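Everything below concerns the one structure shown next.
In UniProt numbering, the protein residues as written are 1 to 725.
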């Protein structure tokens, strides 16, 4: 009887063997007994010889697929992921599947909810809905054609949809979508602008490599037209009947990207992100696998999407930290994209105004082809970047007098202004004015953030919250004061300073909800808001043509961080934010408020730009023996007893004492030493040779899992870590 080797989603770095009446193709899902449980596994291979006693092997309970749900390339990629990130193969394959398939659901298409107009709704002019503007927009959109229920909810509130249904203007239907697989026959290229010289060179170099593997890094200043390069390169791929997979860092960027691509090519664009239902994600996965979708756009996990006729991979804003998974399978989607493009023998485009130092180093060393776009597209000019020394200056709501005047001048010219502060809430601390006591989260030993609008104190590290106290718990005083500045307080202050203008706050509190962010972005582009206040959400590639002034508050904290990547992240943030200003006809400017205007990082960035800063930073990293000139792996351990976490990491470090090529640094406390009541320790492994580090890890991991403390202390391994918090 054939012996089937199966990958099961359990924390064991091995496969398991089962018996079955016939051989099974690799990539087929099976239901197998695993102790008292029944789990969904994936067949790796069929063999005649068992590594264990074959007469004691259990039988497979069910075979769920007739053919493999993975291509041979996908199976190879999952094997590579398992080996490189030292992660159980069963968990890797589990992560590569849509949720519906992980649960054992059918791999055949399932019904999806659609919204369409009724006969009455198709005939009635949308203007007849009077003041119900959102219902007007919804009806006008559906009069052009039906849309999935989830895509509509991503744009409109559920109350808007229900109101239109109650008026019998639209209706909801459930059906399995039928797509014309011959989308090439309907491909219709829309009008396109004439590329400038730099864009034309980039497009020609990319299109020359279609049909073979090549990696390109487009280093283009903000507003230089990187997306237009993508579009014109994609045109050559689609006309050959091949598919394109595009990764974007945030869900908020997906609608505007989809709209632009769909309009240019007049084809259906598949969307993959966490706001979709399980059935909808499965449908896009299946349609792409069948070759029915020419373009697929998604966030990090979309890198696992199968394509029948792969033609190109694109990673937009490739520097963004959201491409790195921070728990479970800690893969980096950008790095996986490089491996996948090589396996599929297709070109890969990485695009960013502020490329990660790893990507820039690969381009400078010739591993990637380096394409530079220095000029902004159209008539847009580069914004002026300036520093304001706020030492000894009185601040009003965190703003210096000169900045308040500049804001007023730009608003008077009917422009929009953007203010950035990377701290949501009203204030970062609540302090007793009498005794100095600070309200702290007991699980993290960090100050609670004050949220006045929600009337609560909340820890932004573990999420715990409590009501705002009326008295100090230390001295019983009622004199409690908010210390520091957050987005809520800044919004309140700007409404006081400029009552004649409308402001909007965009952070993870105000943007919560399926359609909140898109609704706010639409209103910004309609100029309904003149003052934009927010956190990093505002820096994520949004196009605000009427913004002419960007102000960054409290930049100093990142200048003195213990994380060696902090300077890189700050430079990327400042450059990305500067790019939000002056993107159309009006010139733009950016101001940074700082107590350290002579800091070399700020001076280099403002005087020479990100490109010069990044190359100088690479030299510093080389001298300090830091990535990308060395390779790292990070062991994390946490326990309510810090001695246990420390001892486990000491035991782990002993496993590498024999290696001449691997250096152990630590154990050391994490940058945030305590979280949710657990003490957190770290051990860094560093090597100049990636292969040597990988070999040492693969040799040590079986022994590490057998350590006495390994089952008593929570621990994890992160290869190529991006975050040391």
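Virtual Cβ for every residue (Gly too), placed ideally from N, Cα, C.
Treat the numbers as computed from the prediction; the structure is a model and nothing was measured.
The beta carbon of residue 74 sits closer than 7 Å to those of 96, 306, all from its chain and outside the five residues before and after it, given in chain order.
Distances from the alpha-carbon of residue 64 to those of 32, 85, 88 put 32 closest.
Between residue 46 and residue 345, the alpha-carbon positions lie close to 28 Å from each other.
In chain order, 68 place their CB closer than 6 Å to the CB of residue 25, counting only its own chain and leaving out the 5 sequence neighbours on each side. Rounded to the nearest whole angstrom, the C-alpha separation of residue 199 and residue 117 is 42 Å.
With three or more CB-CB distances shorter than 8 Å, the region 385 to 400 counts as touching the region 585 to 605.
In chain order, 631 place their CB closer than 6 Å to the CB of residue 690, counting only its own chain and leaving out the 5 sequence neighbours on each side. Going by C-alpha positions, residue 265 is about 45 Å away from residue 5. Counting only residues of its own chain and dropping the five nearest sequence neighbours on each side, residue 228 has a CB closer than 8 Å to the CB of 192, 193, 195, 199, 377.
In the displayed model, residue 433 falls within coil according to three-state DSSP, outside both helix and strand. With a contact defined as Cβ atoms closer than 8 Å, residue 92 and residue 101 miss out at about 14 Å.
The beta carbon of residue 372 is closer than 6 Å to those of 219 in its chain, skipping five residues each way along the sequence.
Around the beta carbon of residue 622, a 10 Å sphere encloses fewer than 16 other beta carbons of the protein chains shown; the residue is thus reported as exposed. Collapsing the DSSP output to three states places residue 232 in a helix. Assigned with DSSP and collapsed to three states, residue 534 falls in strand. When rounded, the separation of the alpha-carbon atoms in residue 18 and residue 3 is 6 Å. If you draw a straight line from the Cα of residue 479 to the Cα of residue 360, it is about 52 Å long.
Closest in alpha carbon position to residue 579, among 236, 544, 440, is 544. Contact annotation, residue 350 with residue 245: C-beta distance approximately 13 Å; criterion of less than 8 Å not satisfied. Separation of the CB atoms of residue 491 and residue 481 is rounded to 19 Å, and the pair is thereby denied contact status at 8 Å.
DSSP places residue 647 in no beta strand (DSSP E) but in the uninterrupted alpha helix (DSSP H) bounded by 642 to 654. Counting only residues of its own chain and dropping the five nearest sequence neighbours on each side, residue 624 has a CB closer than 8 Å to the CB of 564. Counting the other Cβ atoms within 10 Å of the Cβ of residue 538 gives 16 or more, which makes it buried. For residue 628, there is no enclosing alpha helix (DSSP H), as DSSP marks it with neither H nor E. Residue 327 sits exposed, since fewer than 16 C-beta atoms from the chains shown fall within 10 Å of its C-beta. Per DSSP, the continuous alpha helix (DSSP H) segment holding residue 197 begins and ends at 197 to 207. Of the residues 262, 276, 335, 242, the one whose Cα lies closest to the Cα of residue 290 is 242. Residue 340 sits away from residue 709, with the two beta carbons spaced by 7 Å or more.
A distance below 6 Å between beta-carbons, with the five flanking residues on each side excluded, links residue 295 to the following residues of its chain, in chain order: 244, 261, 269. Going by DSSP, residue 401 is part of the alpha helix (DSSP H) stretching over 401 to 412.
Under the three-state reduction of DSSP, residue 507 is assigned to coil, being neither helix nor strand.
In the three-state DSSP reduction, residue 258 falls in the helix class (H, G or I). Beyond the five residues adjoining it in sequence on each side, residue 434 comes within less than 6 Å, by CB distance, of 475, 477, 479 in the same chain, given in chain order.
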